[in-house]
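Heads up: the structure comes next, in structure tokens.
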Amino acid sequence: MMDIASGVTLRSLWDQQARERSDAEFLVFEDPDQGPVRRFTYREFDESINRAANVFLARGIGHGDRVAVQTHSSCEFVQCLFALAKIGAVTVPLNSSYTARECLEMTEQCGVRLLVSDSELFAQEGMEAISCDVIVVADGGGRPVRSSGGCRRDDWASLVAVASPVLGPCDPVDEDDLVEIMFTSGTESRPKGVMLTHANFVFSGLYCNWEMGMTVEDRLATAMVTSHVNFQLSALMPVLTAGATLVMLGRYSATRFWREIRAHGATLVQSMAMMVRTMMSQPVDPDERRHRVRDLHYFLPLSDGEKEAFEERFSVTLLNNYGATETLVGCLTDLPLQPRHWPSVGKAGLGYEVRIVDESGDAPVGGCGEILIHGVPGRSLMLGYWKDPEATAAAVDPDGWYHSGDLGYADAEGWIHFVDRHQDLIKRAGENVSATQVENVLMECPGVAEAAVVGIPDPVRDQAVKAVVVLDRDAPATQAQVRAFAAARLAYFKVPSVIEVRDDLPRGTYGKVIKNLLKD
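Residues in the sequence shown are numbered consecutively from 1, following the UniProt record's numbering.
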């Protein structure tokens, strides 16, 4: 495979774009909850990144150090991500919905030296257990956060304001250096840290430029959460590699979204099933078909009827694709400038190969099997899982094939059709929920003897989280107690919305819970 990311780092890429696209608009940020629209040229945002990098350098952060960033979707998140990359440090993004317990586990696992956090997020109960220094991005109100106990608290805006806009002395950065450790729910009880390199980031940008036919004239709009791979590698990076403009919406609102898209002149838009469904429930706007959007970069699943109705109503086409955090981008996709093949998720894109494998080897045409994706670790695939060589070896074999655990089949023309996700991964409104992780939390709840978690259909959010519990006979918990226990320990999107009590769990010959019998 030709190495299209060879020799390029995020620092060298930023330097190039700051020179060549200096006065072009790089970022437009809109969120009514965070004030007026903010706009940055490439030069202006490069200077803000340099200021942030100098703040980190002054705090002793250097090459290879891990820094956790937990903010709501904001310009500051992007600023921190690229500032840390410029000095060779590593971002550990924490979803703004994570509980203190989840944050503590991830920061300890990565040996984080510094946490950059929104004030209101850091104020939640239990965050005081995180022992590293803290920089607060904004005063979001709430109860006071600590400034003692061995930790130092500073204000982000104050530090950045007095920092130099010229990057200070720092170590060289290599294309194989880590940019990020991104935790993914996966299917295990303990989230795994996906290691992403400079080359991974650059490859992703160039890949999406190819996939969407991007040029400097494009304006890509997204409301995806900034801590997610979809935002970082399929929106932010292709904008940067193309020298285009990112329209960043801080929060998705079905009532505002399409008006915002039209107002900002977006030519490309990121979307997902929940957005499509909630947009279709809005009153028809007589001007909603007047826009510049040529493609919605879309991630499954939708029914045929939903897709056709949406495209007809909004006069737009959906670009379907399939991927995982470990594969960086939509590695299976419709091909640029060619007819679409719905409901197929596409063919292997630039730099990838695909196989469908069953128990006997490569599955025949139309035969269902596991989707395997071939790429190069550290380039078109993740470098591996942080400090987990066994899990890395299980996910990516020595020949470079990533074993997705997802099911699909190939038709006679080689187009891949997605069948189902791994049974223990629940997709809820764009979030991955590990059933095993939720089960382990529920098993800690007083009054619960056994627990099993499954995904069930949800008309808006794709799937809902359902828990089936067997209660302790001597001191049973109530359903409200079980839900409250989970809510205190898990991000809101992981908390079961349906809790069913049974006398026992259905099990097979070897004692394994038969989860298909729990979904009704």
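Think of the CB as a built atom: it goes at the ideal place given N, C-alpha and C, for glycine as much as any other residue. Please read these numbers as outputs of a predicted model, since none were measured by experiment.
C-alpha gap between residue i and residue j, whole angstroms
i: residue 510; j: residue 342; result: At residue 510 the pLDDT is 46, less than 50, meaning the model places this residue with poor confidence and gives no usable figure here.
i: residue 148; j: residue 65; result: The pLDDT assigned to residue 148 is 39, lower than 50, so where the model puts this residue is not dependable; a value taken from the coordinates is nonetheless given after this. Cα to Cα, the separation comes out at about 23 Å.
i: residue 33; j: residue 252; result: 12 Å
i: residue 264; j: residue 100; result: 36 Å
i: residue 111; j: residue 411; result: 46 Å
i: residue 385; j: residue 119; result: 30 Å
i: residue 195; j: residue 215; result: 29 Å
i: residue 199; j: residue 9; result: 7 Å
i: residue 158; j: residue 79; result: 15 Å
i: residue 327; j: residue 475; result: 46 Å
i: residue 519; j: residue 469; result: 13 Å
i: residue 516; j: residue 225; result: 31 Å
i: residue 317; j: residue 303; result: 15 Å
i: residue 93; j: residue 183; result: 8 Å
i: residue 176; j: residue 62; result: 16 Å
i: residue 164; j: residue 416; result: 51 Å
i: residue 239; j: residue 446; result: 49 Å
For residue i, the first and last residue of its enclosing alpha helix (DSSP H)
i: residue 54; result: 42–58
i: residue 156; result: 156–162
i: residue 210; result: 198–212
i: residue 7; result: No alpha helix (DSSP H) contains residue 7, which DSSP labels as neither H nor E.
i: residue 167; result: Element bounds for residue 167: n/a, residue is neither H nor E.
i: residue 121; result: 119–122
Candidates the options, of which the one nearest residue i by Cα
i: residue 329; options: 352, 344, 340; result: 352
i: residue 257; options: 221, 292, 233; result: 221
i: residue 113; options: 132, 324, 126; result: 132
i: residue 451; options: 431, 37, 420, 483; result: 483
i: residue 274; options: 40, 409, 430; result: 430
i: residue 125; options: 137, 109, 481, 98; result: 98
i: residue 500; options: 479, 35, 227; result: 479
i: residue 180; options: 477, 229, 471; result: 229
i: residue 39; options: 28, 519, 49; result: 28
i: residue 502; options: 316, 471, 323, 417; result: 471
i: residue 408; options: 366, 432, 381; result: 366
i: residue 87; options: 73, 69, 54; result: 54
i: residue 71; options: 245, 306, 227; result: 227
i: residue 190; options: 421, 477, 393, 387; result: 387
i: residue 460; options: 276, 334, 361; result: 276
i: residue 7; options: 121, 490, 444, 203; result: 203
i: residue 348; options: 332, 3, 360; result: 332
i: residue 521; options: 260, 25, 201; result: A question about residue 521 goes unanswered here, because the residues of the chain that appear run from 1 up to 520.
Neighbourhood of residue i by C-beta distance below 6 Å, restricted to the same chain and skipping five residues each side
i: residue 458; result: 464
i: residue 438; result: 453, 494
i: residue 297; result: 270, 319
i: residue 455; result: 426, 463
i: residue 44; result: none
i: residue 76; result: 137
i: residue 154; result: 135
i: residue 393; result: none
Own chain partners of residue i with C-beta closer than 8 Å, once the 5 adjacent residues on each side are dropped
i: residue 372; result: 354, 355, 356, 357, 401, 402, 403, 404
i: residue 279; result: 254, 257, 258, 310, 314
i: residue 399; result: 374
i: residue 377; result: 383, 384, 396, 400
i: residue 192; result: 183, 184, 186, 385, 386, 388, 391
i: residue 20; result: 243
i: residue 109; result: 193, 386, 387
Span of the beta strand (DSSP E) around residue i
i: residue 392; result: From DSSP, residue 392 is part of no beta strand (DSSP E) but of the alpha helix (DSSP H) over 389–395.
i: residue 297; result: 295–299
i: residue 487; result: Residue 487 -> not in any beta strand (DSSP E); alpha helix (DSSP H) instead, spanning 479–487.
i: residue 463; result: 462–471
i: residue 495; result: Here residue 495 belongs to no beta strand (DSSP E), and DSSP marks it neither H nor E.
i: residue 425; result: 425–428
i: residue 434; result: 431–434
i: residue 176; result: Run containing residue 176: none; DSSP gives neither H nor E here.
i: residue 312; result: Counting along the chain, residue 312 falls outside any beta strand (DSSP E), though it belongs to the alpha helix (DSSP H) covering 304–314.
i: residue 452; result: 448–458
i: residue 401; result: 401–410
i: residue 507; result: Where residue 507 is concerned, there is no enclosing beta strand (DSSP E), given that its DSSP letter is neither H nor E.
i: residue 291; result: Element bounds for residue 291: n/a, residue is neither H nor E.
i: residue 25; result: 25–30
i: residue 419; result: 416–420
Nonlocal neighbours in the same chain, by C-beta distance under 7 Å from residue i, ignoring five residues either side
i: residue 267; result: 218, 219, 292, 293, 294
i: residue 130; result: 103, 104, 107, 115
i: residue 442; result: 448, 451, 467, 469, 482, 486
Below-7 Å beta-carbon distance, residue i vs any chain D residue
i: residue 316; result: The structure shown contains no chain D, having only a single protein chain.
- May I have a chain-ordered list of the alpha helix (DSSP H) segments no shorter than 4 residues that lie completely inside the stretch 72–104? 75–86, all fully within the stretch 72–104.
- Query: At which residue ranges does the stretch 218–275 contain complete alpha helix (DSSP H) runs of 4 or more residues, listed in the order of the chain?
  - Reply: Every alpha helix (DSSP H) of 4 residues or more that sits fully in the stretch 218–275 is shown, in chain order, as 237–242, 257–263.
- Minimum length 3: unbroken beta strand (DSSP E) runs contained in the stretch 328–395: Correct list: 353–358, 369–374.
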